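Read top to bottom, the protein sequences are chains A and B. In terms of the UniProt record's numbering, the first sequence opens at residue 1 and continues consecutively. In terms of the UniProt record's numbering, the second sequence opens at residue 1 and continues consecutively. Glycine residues also receive a C-beta, built at the ideal position from the N, C-alpha and C atoms. Keep in mind it's a predicted model, so treat the numbers as computed, not measured. Here's the structure, in structure tokens; my notes come after.
Number of protein chains: 2
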Amino acid sequence: MAFNDWDEVRTAFQVARLGTVSGAAQVLGVHHATVIRHIDSLEGKLGAKLFQRHARGYTPTEAGLDLLTVAQSTDDQLAQLANRIRGRGNEMTGELIITSLAILAPLLSPALAAFREEHPELTIKFLTDERVFRLEYGEAHVAIRAGNPPDQPDNVVQKFYHQGFALYASKDYIAKHGRPDTLEEVGDHMFIGSAEDVPRAPFFAWLKKHIPERNIGYRVNQITAARPAVLAGLGIGFSTTWAEGDCGETEMIFPPRPEWNSQLWLVTHVDLHRTAKVQTFLAFLKDWSTRWPVLED
Amino acid sequence: MAFNDWDEVRTAFQVARLGTVSGAAQVLGVHHATVIRHIDSLEGKLGAKLFQRHARGYTPTEAGLDLLTVAQSTDDQLAQLANRIRGRGNEMTGELIITSLAILAPLLSPALAAFREEHPELTIKFLTDERVFRLEYGEAHVAIRAGNPPDQPDNVVQKFYHQGFALYASKDYIAKHGRPDTLEEVGDHMFIGSAEDVPRAPFFAWLKKHIPERNIGYRVNQITAARPAVLAGLGIGFSTTWAEGDCGETEMIFPPRPEWNSQLWLVTHVDLHRTAKVQTFLAFLKDWSTRWPVLED
DNA sequence: GATTGACTGTGCGTTATTGCGCTTATCGCA
DNA sequence: TGCGATAAGCGCAATAACGCACAGTCAATC
């Protein structure tokens with residue numbers, strides 16, 4: 001390790017620049033004795049004189065002049081860095097990393113597109129994965145989570161969209177098998193269930209509890225795979241109300257129930273929550289979500 | 001002022017590089033609590049988070065990554081600077097500034113030429129002036145002084161060449177006016193004296209004391225002007241034995257006397273005396289001076 | 001040539017920074 | 001599920017860095 005005390009370099013820099021210990025002390029906001037001690041320490045470590053001392057001040061030697069130029073460039077670079085970091089909090093530039101459940105991609109994409117149009121300097125990363133991305137590792141700025149309110153420490157959580165799930169079937173399926181009248185009497189109708197033994201999604205948990213095993217002929221481990229199965233006529237399956245709203249390919253068999261619903265949460269890390277980038281995005285997203293269909297109780 | 005504590009930047013740099021507070025503390029040779037305090041202080045000053053804290057360590061934010069790259073370059077530059085400064089003491093490069101009396105230029109120049117040939121990397125500045133250059137201001141590395149031993153503090157003084165002065169006249173002058181037999185009976189012979197009221201040079205002081213005013217028809221304020229005057233036939237004047245040795249234009253009228261002689265001193269500043277550059281030059285010069293004419297007592 | 005002002009240098013008391021020990025939390029592994 | 005390893009965080013005591021006051025030096029100026 002070359003210099004193990006950058007502050008001493010900074011002190012020597014000011015002395016070399018100003019030519020006097022007193023002047024450097026004034027600029028640095030310390031006592032001139034401190035400046036002398038820093039210089040002595042630095043010269044001792046380097047084994048070379050940086051300054052010639054005389055009653056009128058300190059004159060840099062060749063080594064001192066060399067330090068002057070290097071430290072000047074360091075000073076400039078650090079000043080620029082400070083400006084960048086201080087300004088970054090208020091800038092809508094760089095990356096904005098958002099993570100959510102894969103199923104929300106169709107719902108969120110239009111909002112993200114509109115947000116990017118408003119802030120072209122911003123690059124948006126939209127991450128979906130089986131594993132939960134960790135905000136505390138800096139993997140994302142904003143997470144959209146479902147289910148019970150996340151209670152990670154250092155995470156700022158706020159209520160977001162209340163998502164309604166209903167049971168749908170394709171028009172083909174209905175033409176072939178008709179539609180069940182009640183959920184208590186499903187007859188031979190086939191349902192699309194979860195591949196998990198203990199499904200995390202509330203609607204899948206409900207399905208496992210209320211629909212007999214024999215009526216479940218197709219199982220998925222991700223809800224995103226359910227809709228294509230429904231469209232393919234594999235059975236009656238869950239989908240969100242916002243996805244099926246007015247598309248002509250499916251019909252709602254049973255309307256949303258409170259116990260099927262899923263609450264979405266907006267989650268940010270406390271360190272990033274206050275930044276303009278995150279705040280602007282959250283405000284935009286909440287405003288956008290008012291246009292989404294609302295469940296009637 | 002952007003950063004007023006470069007040490008905290010250095011700490012943050014190691015944390016960003018290694019990813020953990022503990023690792024950075026180990027590298028820096030401080031306690032990990034100190035590292036945490038540095039980071040907290042730095043973030044507070046910048047008003048932005050540099051790291052995301054979690055149980056596995058510290059992950060740099062965008063600002064932290066920015067700092068990492070800037071500080072990495074700073075670290076490299078300071079390391080190179082340290083190597084340059086540490087090595088400079090042993091290098092024969094850069095400048096070597098020598099100051100002396102103007103009259104010594106003809107004597108020293110051949111030595112300086114030979115020295116530069118041995119060390120082509122070295123640029124030699126040879127300064128002569130009325131005023132005395134001050135070593136303690138870094139104006140020169142080596143000074144060649146005459147007269148009484150200099151007793152400036154912080155100056156390293158060593159005996160150098162013992163310079164002999166004699167009285168010379170040009171062949172023209174001798175042809176016209178002949179030559180005096182003794183210094184006690186100078187008759188109408190003209191001498192070249194000093195323009196100063198109290199001459200500092202010992203031979204001029206002697207001249208003022210022993211030669212009547214009426215025999216001094218030409219006065220100079222610098223000894224360098226004396227030899228051209230002698231050559232021009234203005235009178236009998238002092239010159240150094242090394243200058244007149246075997247040139248055919250002048251003849252020695254009176255041989256050197258101990259009271260005319262002048263001791264030369266090699267003077268260096270204590271801060272620079274130990275450097276290889278100065279030491280090598282001093283050794284070379286002393287060796288070279290052994291070839292100069294020696295006074296017989 | 002005495003005086004004034006600016007600067008360096010040093011001993012001493014104080015403050016602030018640091019190190020230490022302990023606690024808490026997380027992860028990996030059996 | 002429990003245990004060991006690793007890392008952050010925090011209060012308290014020790015130490016090192018700091019500011020202060022005064023001495024000493026030099027240069028300029030009237």
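**Request:** Go ahead and pull the three-state DSSP assignment for B:Lys286.
**Result:** helix
**Request:** With a 10 Å radius around its C-beta and 16 neighbouring C-beta atoms as the bar for buried, classify A:Gly64 as buried or exposed.
**Result:** buried
**Cβ-based burial, A:Ser73 [other Cβ within 10 Å; buried from 16]** = exposed
**Message:** What ranges does the beta strand (DSSP E) occupy inside the stretch 15 to 91 of chain B, keeping only unbroken runs of at least 3 residues that lie completely in it?
**Reply:** 51 to 54, 57 to 60
**Cβ pair count under 8 Å reaching 3, the stretch 264 to 271 of chain A against the stretch 138 to 153 of chain A** = yes
**Item:** Selection of the stretch 35 to 60 of chain B by Cβ proximity to chain A, strictly under 7 Å
**Value:** Leu46, Gly47, Ala48, Lys49, Gln52, His54, Thr59
**Message:** For the beta strand (DSSP E) containing A:Glu251, name the first residue and the last one.
**Reply:** 250 to 254
**Message:** With H, G and I counted as helix, E and B as strand and the rest as coil, what does DSSP make of B:Ala105?
**Reply:** helix
**Asked** Could you give the C-beta distance for A:Ala16 and A:Leu68, rounded to a whole number, given that I count them as a contact under 8 Å?
**Response** 4 Å
**Asked** What are the boundary residues of the alpha helix (DSSP H) that includes A:Ala225?
**Response** Counting along the chain, A:Ala225 falls outside any alpha helix (DSSP H), and DSSP gives it neither H nor E.
**Prompt:** How big is the Cα-Cα spacing for A:Asn215 and A:His177?
**Reply:** 13 Å
**Request:** Answer yes or no: does any C-beta atom of chain B fall closer than 8 Å to that of A:Ala82?
**Result:** yes
**Asked** In this structure, does DSSP put B:Leu234 in helix, strand or coil?
**Response** coil
**Request:** Give the residues of chain A in contact with B:Leu67, contact being defined as C-beta atoms less than 8 Å apart.
**Result:** Leu81, Ile85
**Request:** Could you check the C-alpha separation between B:Gln51 and B:Val35 for me, to the nearest Å?
**Result:** In the sequence as displayed, the identity of residue 51 of chain B is Phe instead of Gln. Distance between the alpha carbons of B:Phe51 and B:Val35 is about 13 Å.
**Prompt:** Can you find a CB in chain A that lies within less than 8 Å of the CB of B:Arg10?
**Reply:** yes
**chain B contact residues for A:His269, given Cβ-Cβ distances below 8 Å** = Gln52
**Prompt:** Hey, quick one: how far does the beta strand (DSSP E) through B:Phe165 stretch, first residue to last?
**Reply:** 165 to 170
**Message:** Contact criterion: CB-CB distance below 8 Å. Does residue 312 of chain B meet it with respect to chain A?
**Reply:** No answer is possible for residue 312 of chain B: it lies beyond the span of chain B, which begins at 1 and ends at 297.
**Prompt:** Alpha carbon to alpha carbon, what distance is there between B:Val27 and B:Val20?
**Reply:** The residue you asked about is not Val; residue 20 of chain B is Thr in the sequence shown. For B:Thr20 and B:Val27, the distance between alpha carbons rounds to 11 Å.
**Item:** Collapsed DSSP secondary structure at B:Arg214 in the structure displayed
**Value:** helix
**Request:** Please determine, among A:Tyr218, A:Gln163, A:Lys208, the residue with the shortest C-alpha to C-alpha distance to A:Leu107.
**Result:** A:Gln163
**Request:** Please classify A:Lys277: is it buried, with 16 or more other beta-carbons within 10 angstroms of its beta-carbon, or exposed?
**Result:** buried
**Asked** Any chance the CB of B:Arg179 is under 7 Å from a heavy atom of the ligand MG?
**Response** In terms of ligand content, the structure shown is empty, and the ligand MG therefore cannot be addressed.
**Minimum length 4: unbroken alpha helix (DSSP H) runs contained in the stretch 95 to 144 of chain B** = 105 to 118
**Asked** Can you give the Cα-Cα distance for A:Pro212 and A:Ala201, rounded to whole angstroms?
**Response** 18 Å
**Message:** For A:Arg145 and A:Ile98, what's the separation of their Cα atoms in angstroms?
**Reply:** 11 Å
**Item:** Straight-line Cα distance separating B:His119 from B:Thr280
**Value:** 10 Å
**Item:** Inter-stretch contact (C-beta, 8 Å, three-pair minimum) for the stretch 181 to 193 of chain A and the stretch 224 to 242 of chain A
**Value:** yes
**Request:** Taking only the alpha-carbon atoms, compute the straight-line gap between A:Asp7 and B:Val30 and give it to the nearest angstrom.
**Result:** 16 Å
**B:Asp172, buried or exposed, once every other Cβ within 10 Å from all chains shown has been counted against 16** = exposed
**Request:** Look up residue 299 of chain B in the DSSP assignment and give the residues it is bridged to.
**Result:** Because chain B spans 1 through 297 in this model, residue 299 of chain B falls outside it and cannot be assessed.
**Message:** Counting only beta-carbon separations shorter than 8 Å, does B:Gly235 have a partner in chain A?
**Reply:** no
**Message:** Any beta carbon from chain B within less than 8 Å of A:Thr20's own beta carbon?
**Reply:** no
**Distance CB(B:Trp265)-CB(B:Pro110) smaller than 8 Å** = no
**Message:** Using a 10 Å radius around the Cβ and a threshold of 16 neighbouring Cβ atoms, would you call B:Arg291 buried or exposed?
**Reply:** exposed
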